[in-house]
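J.: Heads up: the protein sequence lines correspond to chains A and B, in order. Just so you know, numbering that gives the first Met the number 0 puts the end of the first sequence at 249, numbered straight through with nothing missing. Just so you know, numbering that gives the first Met the number 0 puts the end of the second sequence at 203, numbered straight through with nothing missing.
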Amino acid sequence: MNAWLNSTAAHQDVKNELAAYAAQNGRPFVFTKENRELWLIELICDLFGVLLFGPAFFAAHRAYLQPLHPSPYTIKTAQPTHPPFAIRHKMLVQIMRVTGWDVPITSAADGAFHIAETEMLRFLLDDTYDQWSRFFDDADLRRAVAGVQKIFAPHGSLGYAPINPAGLVKLIERLTRGLPPILADIDQDGTPQLTDVRISQTLYAGWVYWIGRQHLAGAVTLDFLTTNRLCDHALLQQRAINYTLIAGVT
Amino acid sequence: MTMLGRGELIRRLREGNLVVSPLLSKAQIGSASIDLRIGNVVLMVRARGSSHVDPVAAKRSASSRKSHEAELGRQQKHERYEIPFHSKFLVHPGSLALVPTLEWLQLPDDLHGSVTARSTWAREGLSIATATFIEPRYQGIATLELANMGQIPIALYPGMRVAQIAFVRVEGQTARIGGQFRMSFEPRQGRVADKDDFPFIPSS
Numbered sequence: 000m001n002a003w004l005n006s007t008a009a010h011q012d013v014k015n016e017l018a019a020y021a022a023q024n025g026r027p028f029v030f031t032k033e034n035r036e037l038w039l040i041e042l043i044c045d046l047f048g049v050l051l052f053g054p055a056f057f058a059a060h061r062a063y064l065q066p067l068h069p070s071p072y073t074i075k076t077a078q079p080t081h082p083p084f085a086i087r088h089k090m091l092v093q094i095m096r097v098t099g100w101d102v103p104i105t106s107a108a109d110g111a112f113h114i115a116e117t118e119m120l121r122f123l124l125d126d127t128y129d130q131w132s133r134f135f136d137d138a139d140l141r142r143a144v145a146g147v148q149k150i151f152a153p154h155g156s157l158g159y160a161p162i163n164p165a166g167l168v169k170l171i172e173r174l175t176r177g178l179p180p181i182l183a184d185i186d187q188d189g190t191p192q193l194t195d196v197r198i199s200q201t202l203y204a205g206w207v208y209w210i211g212r213q214h215l216a217g218a219v220t221l222d223f224l225t226t227n228r229l230c231d232h233a234l235l236q237q238r239a240i241n242y243t244l245i246a247g248v249t
Numbered sequence: 000m001t002m003l004g005r006g007e008l009i010r011r012l013r014e015g016n017l018v019v020s021p022l023l024s025k026a027q028i029g030s031a032s033i034d035l036r037i038g039n040v041v042l043m044v045r046a047r048g049s050s051h052v053d054p055v056a057a058k059r060s061a062s063s064r065k066s067h068e069a070e071l072g073r074q075q076k077h078e079r080y081e082i083p084f085h086s087k088f089l090v091h092p093g094s095l096a097l098v099p100t101l102e103w104l105q106l107p108d109d110l111h112g113s114v115t116a117r118s119t120w121a122r123e124g125l126s127i128a129t130a131t132f133i134e135p136r137y138q139g140i141a142t143l144e145l146a147n148m149g150q151i152p153i154a155l156y157p158g159m160r161v162a163q164i165a166f167v168r169v170e171g172q173t174a175r176i177g178g179q180f181r182m183s184f185e186p187r188q189g190r191v192a193d194k195d196d197f198p199f200i201p202s203s
């Protein structure tokens with residue numbers, strides 16, 4: 000780790016940070032085994048997050064955390080508890096690729112919905128960080144993903160799985176009408192047609208709407224807070240839908 | 000005035016012209032109404048040291064620049080609770096609870112909704128007190144203002160059908176400058192007095 004930190008390939012911000020540490024303390028910065036374990040814990044948390052909540056986790060990671068890291072390579076020598084943002088982002092991009100979640104669910108036939116989804120994925124997969132911040136190779140991550148999915152397996156639908164294209168289009172379309180994104184129709188005699196939509200799928204639709212909203216014609220234009228609240232309300236309604244589906248009482 | 004029957008309700012719901020969503024059982028659509036379920040938030044109205052509701056306070060806070068304080072002042076009589084499914088809350092005799100519907104409503108500009116208690120619950124003393132009207136173009140949850148007119152507390156659980164909404168067709172222009180609660184996600188206290196009431200309310 001110390002060789003990697005001090006390599007010539009390291010970003011200039013890191014070199015400056017290490018030089019400042021050495022000047023201030025009269026000795027070079029040493030990355031300890033404990034520091035490494037703390038970084039791994041954070042990276043494993045990110046791994047669990049994205050495998051549980053799918054691309055929606057990554058979208059929140061990028062939208063909320065990136066602005067907090069104006070210098071994405073900083074290791075914070077005084078307290079290096081978290082890996083630099085660039086490492087975390089690059090790892091999530093790699094996970095999207097090894098899981099196949101970097102490919103849109105919708106197709107060109109879905110028109111504006113597909114354009115919006117493509118825009119959202121572009122937002123996530125945009126990665127201009129130095130190669131130095133690539134911490135794992137794809138084979139490492141494939142093994143890690145398989146390991147975590149093995150943990151999820153006994154718990155049924157715990158991990159993220161993409162929704163079907165028609166379902167996604169319907170969820171986004173509801174947001175364009177200012178409605179909570181759920182799949183709950185009725186047939187001609189009034190019998191409900193309810194669908195179990197996972198939390199991660201609802202949130203995926205929410206992020207597609209938010210990132211791709213300029214491509215979506217709709218009756219309303221939602222701000223971020225309202226989009227968030229509609230998705231939150233959908234999760235609450237989904238809970239009721241799922242109780243009904245489990246009980247089989249429609 | 001024409002009230003929408005089951006067939007017309009289903010037609011409009013399927014077309015998306017009218018939204019009452021989600022409907023969880025076929026029985027939820029009656030012959031000329033749709034049952035509404037309790038959502039997961041309760042605002043219990045408490046006295047909490049206030050002697051009475053006075054529109055003078057509303058007038059004063061409207062003219063104050065301290066909007067945050069004004070907001071707090073308006074909300075101090077309500078205690079907010081989040082009630083998970085399978086958890087109950089009690090409505091005691093003489094008390095008032097504001098709850099949202101589980102359903103999200105969206106009305107077109109030619110329909111007006113009227114909310115009332117389901118008769119089964121009304122017979123137990125549960126009254127849906129006021130705010131029975133849902134205006135054309137409204138979108139959001141409906142607030143149910145539950146009062147217990149009976150002798151003993153009533154336990155209620157989120158998801159239960161306690162109210163019903165009927166729709167009538169409105170004729171003529173319905174455009175209006177913003178209602179108070181458009182795109183409401185949960186109940187909140189309203190304004191007891193508005194600008195056009197102020198000339199009739201003393202300043203202190």
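Glycine residues also receive a C-beta, built at the ideal position from the N, C-alpha and C atoms.
Mind pulling the chain B residues with CB within less than 8 Å of T190/A?
T.: By one-based count along the first sequence, residue 190/A stands at place 191. Within chain B, the residues near T190/A are K25.
J.: Can you give me the C-alpha to C-alpha distance between T226/A and A239/A, rounded to a whole angstrom?
T.: Here residue 226/A corresponds to residue number 227 of the first sequence, with the count starting at 1. Here residue 239/A corresponds to residue number 240 of the first sequence, with the count starting at 1. Straight-line Cα distance between these residues: approximately 20 Å.
J.: Between which two residues does the beta strand (DSSP E) holding E78/B run?
T.: Within the second sequence, numbered from 1, the residue matching residue 78/B stands at position 79. 77 to 81 is the span of the beta strand (DSSP E), which, as asked, contains E78/B.
J.: Take V40/B and list the residues in its own chain whose beta-carbon comes closer than 8 Å to its own, dropping the five residues that flank it on each side.
T.: Working through the second sequence from its first residue, we reach residue 40/B at position 41. Contacts found: R79, Y80, E81, I82, V98, P99, E185, P186.
J.: Between the segment 159 to 169 of chain A and the segment 38 to 54 of chain A, can you find at least three pairs of beta-carbon atoms closer than 8 Å?
T.: Enough Cβ pairs lie closer than 8 Å, so yes.
J.: Taking 7 Å as the cut-off, is the CB of R13/B close to at least one heavy atom of the ligand GTP?
T.: Among the ligands in the structure shown, none appear at all, so the ligand GTP cannot be discussed.
J.: So F166/B packs on G112/B, CB below 8 Å; how close in whole Å?
T.: On the second sequence, position 167 is the one that residue 166/B refers to. On the second sequence, position 113 is the one that residue 112/B refers to. With 8 Å as the limit, F166/B and G112/B qualify as a contact, their Cβ atoms being about 5 Å apart.
J.: Using DSSP's beta-bridge definition, name the partner residues of S6/A.
T.: Against the first sequence, residue 6/A aligns to sequence position 7. BP columns for S6/A are empty, so no partner.
J.: Using the rule of at least 16 other Cβ atoms within 10 Å of the residue's Cβ for burial, across every protein chain shown, is G211/A buried or exposed?
T.: What you label residue 211/A is simply residue 212 of the first sequence in a count that begins at 1. So G211/A counts as buried.
J.: Would you report the Cα separation of P180/A and S132/A, rounded to the nearest angstrom?
T.: Sequence index remark: in the first sequence, residue 180/A carries index 181 (1-based). Sequence index remark: in the first sequence, residue 132/A carries index 133 (1-based). Using only the alpha carbons, I get a separation of about 37 Å.
J.: Does N16/B have its Cβ less than 8 Å from a Cβ in chain A?
T.: Here residue 16/B corresponds to residue number 17 of the second sequence, with the count starting at 1. It does not; no Cβ of chain A falls within 8 Å.
J.: Which runs of the beta strand (DSSP E) spanning at least 3 residues fall entirely within the segment 78 to 117 of chain A, listed in chain order?
T.: Listed in chain order, there is nothing to give.
J.: So which residues of chain B does T243/A contact, with C-beta pairs closer than 9 Å?
T.: Residue mapping note: residue 243/A aligns to position 244 of the first sequence, counting from 1. Here the neighbours are P21, L23, S24, G158.
J.: Residues of chain B with CB under 7 Å from P179/A, in chain order?
T.: As a first step, residue 179/A must be located in the first sequence, where it is residue number 180. Those are W103, listed as they occur along chain B.
J.: When the cut-off is 8 Å and only beta carbons count, does Q138/B lie next to chain A?
T.: Your numbering for residue 138/B matches position 139 in the second sequence. Chain A contact via Cβ: present.
J.: When you compare the CB of T226/A with every CB in chain B, is at least one pair closer than 8 Å?
T.: Here residue 226/A refers to the residue found at position 227 when the first sequence is read from its first residue. Not an interface residue.
J.: Which runs of the alpha helix (DSSP H), 4 residues or longer, sit entirely within the segment 137 to 168 of chain B?
T.: DSSP runs (the alpha helix (DSSP H)) wholly in the segment 137 to 168 of chain B: none.
J.: Spell out a yes or no on whether the segment 34 to 44 of chain A and the segment 72 to 81 of chain A are touching, meaning 3 or more CB-CB pairs, one atom from each, closer than 8 Å.
T.: With a cut-off of 8 Å, the segment 72 to 81 of chain A and the segment 34 to 44 of chain A count as touching, because enough Cβ pairs lie within range.
J.: How would you write the range of the alpha helix (DSSP H) that W38/A sits in, first residue to last?
T.: Position 39 of the first sequence holds residue 38/A. Looking at the DSSP string, the run of the alpha helix (DSSP H) that includes W38/A is 32 to 52.
J.: T175/A touches chain B at which residues, Cβ-Cβ below 8 Å?
T.: Counted from its first residue, the first sequence places residue 175/A at position 176. Residues of chain B passing the Cβ test: none, with the nearest at roughly 12 Å.
J.: If the cut-off is 9 Å on Cβ atoms, which residues from the segment 27 to 41 of chain B count as contacting chain A, listed in chain order?
T.: Under the 9 Å Cβ criterion, the segment 27 to 41 of chain B contributes Q27, I28, R36, G38, N39.
J.: For the alpha helix (DSSP H) containing T76/A, name the first residue and the last one.
T.: By one-based count along the first sequence, residue 76/A stands at place 77. Neither: T76/A is in no alpha helix (DSSP H) and is coded neither H nor E.
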